[in-house]
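In this text, residue positions in the sequence shown follow this note's numbering: the first is 261, and each later residue adds one. In what follows, a single structure is set out as structure tokens and then discussed.
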Amino acid sequence: MNIRQILFSKLANIYLGTYRGYLLEIRRLVTPHIPAMVDAFYWQVQEVEELGPILNNPQVEKKLRQGLTLWLEALFQDKNDMDGIIHDIIALGSRHAEININLHYIHHGLRILKREITSHLEASDHSMEWILEAHEVVDELMEIIFSLMSDSYFENLVKHQSNLLSMRMQAIGHNMALECERMRSKLSEWARDTLNVLHAEDAHAPEMIPYLQYSEFGLWLEHKGEIYLPENSYQERLAAYVQEIDMELSQAATYRYENRSRRFRTHLRAFNERVSQASWYLAGMVDQAERVDSGRDALTNVLNRRYLETVLRRETEISNRQGFPFAVALLDLDYFKQVNDTYGHEAGDVVLRQFAELLAAGVRSSDFIFRYGGEEFLLILVNVRQDSARSICEKLRIRCEGHPFILSNDKRLKVTCSIGIALFDGHPDAGRLIKLADAALYQAKRNGRNRLEMARS
261 MNIRQILFSK
271 LANIYLGTYR
281 GYLLEIRRLV
291 TPHIPAMVDA
301 FYWQVQEVEE
311 LGPILNNPQV
321 EKKLRQGLTL
331 WLEALFQDKN
341 DMDGIIHDII
351 ALGSRHAEIN
361 INLHYIHHGL
371 RILKREITSH
381 LEASDHSMEW
391 ILEAHEVVDE
401 LMEIIFSLMS
411 DSYFENLVKH
421 QSNLLSMRMQ
431 AIGHNMALEC
441 ERMRSKLSEW
451 ARDTLNVLHA
461 EDAHAPEMIP
471 YLQYSEFGLW
481 LEHKGEIYLP
491 ENSYQERLAA
501 YVQEIDMELS
511 QAATYRYENR
521 SRRFRTHLRA
531 FNERVSQASW
541 YLAGMVDQAE
551 RVDSGRDALT
561 NVLNRRYLET
571 VLRRETEISN
581 RQGFPFAVAL
591 LDLDYFKQVN
601 DTYGHEAGDV
611 VLRQFAELLA
621 AGVRSSDFIF
631 RYGGEEFLLI
641 LVNVRQDSAR
651 SICEKLRIRC
661 EGHPFILSND
671 KRLKVTCSIG
681 IALFDGHPDA
691 GRLIKLADAA
701 LYQAKRNGRN
711 RLEMARS
């Protein structure tokens, strides 16, 4: 037998075989104390520093408490459906991987629950012999659960890493060259605008200077650098340039504000040198590019859904680490079926391509565009609050409304779009943002189309 079959056999022995009587008595002893066990679990896992930002979210706390209560109630139930038990445990492991909960935390949580359960067994009136046997049942059950969860967890993790690697590989070619050239341009634009600020007649306080880290170039490097750059060393080198550039800029701005001209010129020269070095570094990377198209929608050339989970997962990590939310927006072309029915599917394809181009021109370089299916597109807008997410999407809606979609016979169509937006609120399951955005999109459709709606958490 393989390891899974061995674990299945042990699980069956607990629920259906030798230890079934112990299981039912454990349930009788433990069930009244489940609310207190959930409180103890939540209090102890909150002590883990890395879990604090997640667990302090009111929605996460409510859902975790409810879910844990139901799970504990079901854990010691008298069950005959072994396939269902196994399926639920495996699904739980996979789910934790999807929302990026480290396996160490899962093991820590199970240890807490085991301690809570066994403490109530020890407080019972049973003999020491019975308590020791019950301890073994609980130990065995928790070890089997952790082993099965770990197995499914790593299956999901391998899939995620494979997708990330594949996504990076497909971006190394044409997209890497294109992105690096565009980012060189963005860097030059930022440097020019920043120099104008530094040389303005009225000196700006250092904290009012537009630093590179928060520019379009800096956001692109943070959110897309790992994907578009073929090696981590490239991103690390560019990140070092950003830090050096901002450091020299801060010094130059300080001395300009204090009217210390000599020191200002010294740091201004260093600033210009660092910007030039970063620009040349990007130029050298373009030489490595070759076109690879996998992972992109063949019709519109935006990303397909293959990498959506990977990007969402990474943006969740960045947002939890830095404290900046991101948004998911679903955009659907209104009455698109009428375009296909009236002008044919080729015309519909032309409209989809032009709409994708319109989106690409209307979002920032650090944002992501996916073709979600049919005439529906999905945007991931990084480092945005609610107002800025709404503003970006409203501009896209207006641009779509005013854009002449030109068919091959020079026929011009007016096409509008409806948009639903959901803002990341710290919940580890970023996938729920898609559901919230979809509900908001549905509301926009119901309210007359050619409008946008914000999701309600």
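Note that the Cβ used here is the ideal one computed from N, Cα and C, for glycine as well.
Cα separation between residue i and residue j?
i    : j    : result
F615 : R657 : 11 Å
R287 : A272 : 17 Å
V552 : A700 : In this prediction, V552 scores a pLDDT of 39, lower than 50, which makes its location untrustworthy; no coordinate-derived value is stated.
Q537 : I345 : 59 Å
L447 : P470 : 12 Å
E439 : W480 : 9 Å
N416 : S354 : 6 Å
E476 : T514 : 23 Å
A558 : D627 : 20 Å
Y494 : L619 : 28 Å
M468 : M297 : 51 Å
D343 : L267 : 13 Å
V610 : V562 : 14 Å
M388 : E285 : 15 Å
E496 : A465 : 29 Å
F637 : F596 : 13 Å
A639 : I629 : The sequence given here places Leu at residue 639; Ala does not occur at that position. Approximately 5 Å between the Cα atoms of the pair.
S510 : E661 : 43 Å
M545 : L328 : 50 Å
L324 : W331 : 10 Å
E393 : Q304 : 27 Å
H386 : E569 : 50 Å
H347 : A607 : 46 Å
N600 : N262 : 53 Å
Output needed for residue i: all residues of its chain with C-beta closer than 7 Å, excluding positions within five of it in sequence on either side, in chain order.
i    : result
A512 : L458, F524, H527, L528, F531
P687 : Pro is not the amino acid found at residue 687; the sequence shown has His there. Answer for H687: N317, Q319, V320, listed in chain order.
C653 : A589, I679, I681, L712
T560 : L612, R613, A616, R631
I350 : L408, S412
R534 : Y501, E504, I505, E508
G622 : K655, L656, R659
L401 : I274
L683 : P585, A587, Q646, A649
R574 : none
Leaving aside the five residues before and after residue i along the sequence, list all residues of the same chain whose C-beta is less than 8 Å from its C-beta, in chain order.
i    : result
R711 : R657, S678, I679, A704
R672 : P664, F665, I666
I377 : I286, V290, M297, V398
K674 : E661, P664, F665
S254 : With the chain running from 261 to 717 in the structure shown, residue 254 is simply not present.
Just to check my reading of the structure: residue i and residue j have Cβ atoms closer than 8 Å, yes? What is that Cβ distance to the nearest angstrom?
i    : j    : result
A697 : L612 : That pair is no contact at about 20 Å.
F336 : H367 : About 20 Å separates the two Cβ atoms, so there is no contact after all.
I314 : N580 : 7 Å
F586 : N669 : Actually they are not in contact, since the Cβ atoms of F586 and N669 sit about 41 Å apart, beyond 8 Å.
L572 : A715 : So it is not a contact: roughly 15 Å between Cβ atoms.
Y282 : V397 : 5 Å
D594 : R452 : No, D594 and R452 are not in contact; Cβ-Cβ is about 40 Å, not under 8 Å.
H483 : I404 : Not a contact, Cβ separation roughly 40 Å.
S410 : L472 : That belief does not hold up - the Cβ atoms of S410 and L472 are roughly 42 Å apart, past 8 Å.
In this structure, does DSSP put residue i in helix, strand or coil?
i    : result
E713 : strand
G312 : helix
I405 : helix
P664 : strand
A530 : helix
R551 : Residue placement at R551 cannot be trusted, given a pLDDT of 37 that sits under 50; the coordinates are not used to answer.
D453 : helix
L559 : coil
I469 : coil
A296 : helix
K674 : strand
G433 : Because G433 sits at a pLDDT of 49, beneath the cut-off of 50, its placement in the model cannot be relied upon, and the following sentence gives the value as read from the coordinates. Coil.
G583 : coil
D592 : strand
A460 : coil
L271 : helix
G281 : helix
G608 : helix
L276 : helix
Mind checking whether the beta-carbon of residue i lies closer than 8 Å to any heavy atom of the ligand ATP?
i    : result
E396 : This structure lacks the ligand ATP; in fact it carries no ligand of any kind.
Grab me the residues of residue i's own chain with a C-beta within less than 6 Å of its C-beta, minus the 5 sequence neighbours each way, in chain order.
i    : result
H380 : L289, V290, H293
R624 : E476
Point to revise | Length at least 3, wholly inside the segment 618-651: the beta strand (DSSP E) runs in chain order | key: Correct list: 628-633, 636-641.
Check your understanding: Could you give the uninterrupted runs of the alpha helix (DSSP H) lying entirely in the segment 337-387, keeping only those of 4 residues or more?
Key -> Counting whole runs of 4 or more residues, the segment 337-387 contains the alpha helix (DSSP H) stretches 342-358, 363-382.
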